[in-house]
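I have placed the structure first, in the form of structure tokens, so that the comments after it can refer back to it.
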Amino acid sequence: MAEIPEHLLRRSAQAKAKALGVPFEQVLAEMSGGTLAAAPAAAPAAGAAAAQAPAAAPARSAPAIPEGVRTQRLLTVVKANAIQQVKREPTDKVSVWPHLVAMEFVALLVVTALLTVFSVFQDAPLLELANPNAQPNPSKAPWYFLGLQELLSYFDPQVAGVLIPGLGLAGLAAIPYVDRNRSIRPSDRKFAIMVFTFFVVASAILTTIGSFYRGPGFNFTFPWRDGIFFDL
Amino acid sequence: MTSNGNGRKTIGSRIGGIGAKLRGSEFWESVFRPGSPFRKGYSDSPRNRSYVIMNNVLYHLHPVKVKRHGVRLSYTLCLGGLSFFLFILLTITGIFLMFYYTPAVPDAYVDTAALSTNVAFGQLVRNLHRWGAHLMVITVFLHMTRVFYHGAYKPPREFNWVVGVVLLFLTLLLSFTGYLLPWDQLALWAVTVGSNMAGYTPVFGDQVSFVLLGGIQVGASTLLRFYVLHVLALPFLIVIFMAVHFWRVRKDGGVSGPL
């Protein structure tokens, strides 16, 4: 540890002498002799404990500090975990490159391959030119709206066509704000899973009925008896 | 290595030298950021693997490391990533189709029919576009159910779920507007049935229907309107929402924890 500069030592000795009410020279002798070896955290006005440190060592004369040179002293070292709690549990992690990126790339290739093979063997439908005067029977919406079209045969159009999809979309968006349960454990959220599954299964059933079980006039049919009235 | 028996440089080594010179050039280093595998002197170290992500545009999509359970295929089934990939596939095939398509009556139908005869790979690209669009609706929906069953919408990810619902809605709208473009009987009447539902809106029903169709029934102005929505307006919107969606995935903390 570096020597305490003379002028700093004098200044702190003056302060301590004033605080303790003892002669300045006595304090200075004690400090320059004994307390230099004490813990660096000890502040000049730390009290009697520092003042009564063994003064056995002979006083050393501090080297002169050249004019204009600023010196510094390490007062204390506070370890990080003494003032803040660092909570970092070790987790099992892997690098995204190559582990995740490679997997995503394979998924991309697989989907591209499947889609290409399907597209080679199955052409997109193209019926005759649109004719506003000849409505086909039955007329069906795209498949993802067939659940709603199915609802239209049970409810008033304003309910099935506007109210239910509107509330459905709003309710879907509101899920995180309605579900105040913080747990993600399935056993803790049986109700939420039950309600969500109910709506998913209900919309799947309605879409299936609307797609395959509705024939001319949107009347109920069996696909194995009357054929399928469905285009993608 | 650098010379043959006559003490002259071989053609192979000259070409190799050009490659090495290019890879060390300032231009090359301005293109590939530090840590890129395409840079000179890349080695497969853990530090460089991290740099590949950290100094890369991918940093906006992926963290450097993820929890091991997060890369299990059975956890996410890649559904979100596949939805994004299908969007890109649909953009590419859609741009191809735009070269051969006129949004007018009856040109739209004639152009679509001509894809199978007059255009190289036209039918295949149209098939890819159509089946890919149906698949995207499915993957987006399944991605949503996957996120629900993992409880991945819980704090701090609530808002990203809302963004996801908007993306689902925009996906349906994109698919629906694209449905009309071939201008065949299927397109015309499916869209007529679908947009009739919008006409049931209380109070403003007729006005909503008129704005959507550009008239009182599906016609030439509807086709133009749906075309612009399909190729410009809705993709513009969905890209913005996707950017927010992906950004929030990164900011909110990647994949959710184990069950």
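Protein sequences appear in the order of chains A and X. Counting in my numbering, the final residue of the first sequence is number 601, and the numbers go up one at a time with none missing. Counting in my numbering, the final residue of the second sequence is number 253, and the numbers go up one at a time with none missing. C-beta atoms are modelled at their ideal positions from N, C-alpha and C, and glycine is treated no differently.
Closer than 7 Å at the beta carbon, the chain X residues around residue i
{"i": "S511 of chain A", "result": "A quick correction: the sequence has Pro, not Ser, at residue 511 of chain A. Within 7 Å Cβ-Cβ: S169, F170, Y173, A184 and G188."}
{"i": "F565 of chain A", "result": "F142"}
{"i": "V570 of chain A", "result": "Neighbours of V570 of chain A on chain X: none; closest Cβ ~11 Å, over 7 Å."}
{"i": "Q383 of chain A", "result": "Residues of chain X passing the Cβ test: none, with the nearest at roughly 55 Å."}
{"i": "L601 of chain A", "result": "H128"}
{"i": "F487 of chain A", "result": "W125"}
{"i": "Q527 of chain A", "result": "Y194 and P196"}
{"i": "P505 of chain A", "result": "Q179 and W183"}
Limits of the alpha helix (DSSP H) - the one that residue i falls within
{"i": "K3 of chain X", "result": "Per DSSP, K3 of chain X belongs to no alpha helix (DSSP H) and is neither H nor E."}
{"i": "P374 of chain A", "result": "Unbroken run through P374 of chain A: none, as it is neither H nor E."}
{"i": "Q201 of chain X", "result": "G199 to L207"}
{"i": "W241 of chain X", "result": "L228 to D246"}
{"i": "N190 of chain X", "result": "Q179 to A192"}
{"i": "L601 of chain A", "result": "L601 of chain A -> no alpha helix (DSSP H), and no H or E assigned at all."}
{"i": "Y95 of chain X", "result": "Unbroken run through Y95 of chain X: none, as it is neither H nor E."}
{"i": "V222 of chain X", "result": "A214 to V222"}
{"i": "Q518 of chain A", "result": "L515 to L521"}
{"i": "T106 of chain X", "result": "D101 to A108"}
{"i": "L575 of chain A", "result": "K559 to F581"}
{"i": "I544 of chain A", "result": "I533 to V547"}
Chain-ordered chain A contacts of residue i [CB-CB under 7 Å]
{"i": "L67 of chain X", "result": "M472"}
{"i": "K59 of chain X", "result": "K462, V463, S464 and V465"}
{"i": "K148 of chain X", "result": "P545, R551 and I553"}
{"i": "M236 of chain X", "result": "Going along chain A, no residue has its Cβ under 7 Å from M236 of chain X, so there is no contact; the nearest lies around 16 Å."}
{"i": "R124 of chain X", "result": "A493"}
{"i": "V156 of chain X", "result": "A542"}
{"i": "G75 of chain X", "result": "E473 and A476"}
{"i": "A107 of chain X", "result": "L495"}
Span of the beta strand (DSSP E) around residue i
{"i": "S464 of chain A", "result": "K462 to S464"}
Amino acids of chain X, ordered along the chain, whose beta-carbon sits closer than 9 Å to that of residue i
{"i": "I597 of chain A", "result": "Under the 9 Å cutoff, chain X gives no residues; its nearest Cβ is about 14 Å from I597 of chain A."}
{"i": "G530 of chain A", "result": "N190, M191, A192, G193, Y194 and T195"}
Partners in chain A for residue i, counting only beta-carbon separations shorter than 9 Å
{"i": "I47 of chain X", "result": "S464, V465, W466 and V470"}
{"i": "W177 of chain X", "result": "L498 and A499"}
{"i": "L166 of chain X", "result": "P511, Y513 and F514"}
{"i": "F79 of chain X", "result": "E473, A476, L477, V480 and T481"}
Burial state of residue i, where buried means 16 or more other Cβ atoms lie within 10 Å
{"i": "M563 of chain A", "result": "exposed"}
{"i": "R151 of chain X", "result": "buried"}
{"i": "F524 of chain A", "result": "exposed"}
{"i": "A420 of chain A", "result": "Residue placement at A420 of chain A is flagged as unreliable, the pLDDT there being 46, under the threshold of 50; a coordinate-derived value is accordingly withheld."}
{"i": "H239 of chain X", "result": "buried"}
{"i": "L469 of chain A", "result": "buried"}
{"i": "A539 of chain A", "result": "exposed"}
{"i": "D595 of chain A", "result": "exposed"}
{"i": "N506 of chain A", "result": "exposed"}
{"i": "W593 of chain A", "result": "exposed"}
{"i": "T70 of chain X", "result": "buried"}
{"i": "F567 of chain A", "result": "exposed"}
{"i": "V479 of chain A", "result": "exposed"}
{"i": "L536 of chain A", "result": "exposed"}
{"i": "Y602 of chain A", "result": "With chain A covering 370 to 601 only, the question about residue 602 of chain A has no answer from this structure."}
{"i": "R558 of chain A", "result": "buried"}
{"i": "G437 of chain A", "result": "exposed"}
{"i": "I232 of chain X", "result": "buried"}
{"i": "M130 of chain X", "result": "buried"}
{"i": "A388 of chain A", "result": "exposed"}
{"i": "T111 of chain X", "result": "exposed"}
{"i": "R8 of chain X", "result": "exposed"}
{"i": "G209 of chain X", "result": "exposed"}
Proximal residues of chain X, C-beta to C-beta of residue i below 8 Å
{"i": "L538 of chain A", "result": "V159 and F163"}
{"i": "L348 of chain A", "result": "Outside the shown range of chain A, which is 370 to 601, sits residue 348 of chain A, and nothing can be said about it."}
{"i": "S508 of chain A", "result": "W183, A184, T186 and V187"}
Restricting to runs no shorter than 4 residues, where is the alpha helix (DSSP H) found entirely within the segment 9 to 34 of chain X?
Counting only runs of 4 or more, we get 20 to 25.
Could you tell me whether the segment 203 to 211 of chain X touches the segment 518 to 533 of chain A, using the rule of 3 or more Cβ pairs below 8 Å?
Verdict: no, contact absent.
Quick check for students: name the residue ranges of the alpha helix (DSSP H) that lie wholly in the segment 37 to 80 of chain X, counting only runs of 4 or more.
If one requires a minimum length of 4 residues, the alpha helix (DSSP H) runs lying completely within the segment 37 to 80 of chain X are 40 to 48 and 67 to 70, in chain order.
At a cut of 8 Å, does the segment 510 to 529 of chain A reach the segment 562 to 581 of chain A through at least three beta carbon pairs?
Result yes; three or more Cβ-Cβ pairs closer than 8 Å.
Touching by the beta-carbon criterion (3+ pairs, under 8 Å), the segment 487 to 501 of chain A and the segment 178 to 186 of chain X
Counting Cβ pairs under 8 Å, three or more are found: they touch.
Would you say the segment 108 to 127 of chain X touches the segment 156 to 163 of chain X, given that touching needs at least three Cβ pairs under 8 Å?
No, the segment 108 to 127 of chain X is not in contact with the segment 156 to 163 of chain X.
Tell me, please, whether the segment 472 to 492 of chain A touches the segment 549 to 565 of chain A by the rule of three or more beta-carbon pairs shorter than 8 Å.
Taking a cut-off of 8 Å for Cβ pairs, the segment 472 to 492 of chain A and the segment 549 to 565 of chain A do not touch, as fewer than three such pairs fall below it.
Are there three or more Cβ pairs, one per stretch, closer than 8 Å when the segment 137 to 152 of chain X is compared with the segment 62 to 82 of chain X?
Taking a cut-off of 8 Å for Cβ pairs, the segment 137 to 152 of chain X and the segment 62 to 82 of chain X touch, as three or more such pairs fall below it.
For the 8 Å Cβ check, are there 3 or more pairs between the segment 41 to 51 of chain X and the segment 460 to 468 of chain A?
Yes: at least three Cβ pairs fall under 8 Å.
Any alpha helix (DSSP H) of 4 or more consecutive residues that is wholly inside the segment 114 to 174 of chain X
Restricting attention to alpha helix (DSSP H) runs no shorter than 4 residues, the segment 114 to 174 of chain X encloses them at 116 to 143 and 152 to 174, ordered along the chain.
Quick one: any contact between the segment 186 to 205 of chain X and the segment 15 to 27 of chain X, if contact means 3 or more CB pairs under 8 Å?
No, the segment 186 to 205 of chain X does not touch the segment 15 to 27 of chain X.
Does the pairing of the segment 86 to 105 of chain X with the segment 167 to 177 of chain X give three or more beta-carbon distances under 8 Å?
With a cut-off of 8 Å, the segment 167 to 177 of chain X and the segment 86 to 105 of chain X count as touching, because enough Cβ pairs lie within range.
Mind the definition here: the segment 32 to 39 of chain X touches the segment 215 to 225 of chain X only if three or more C-beta pairs lie below 8 Å; say whether that holds.
With a cut-off of 8 Å on Cβ pairs, the segment 32 to 39 of chain X is not in contact with the segment 215 to 225 of chain X, counting fewer than three such pairs.
Please list the segments of the beta strand (DSSP E) lying wholly inside the segment 480 to 511 of chain A, counting only runs of 3 or more residues, in order along the chain.
Correct list: empty.
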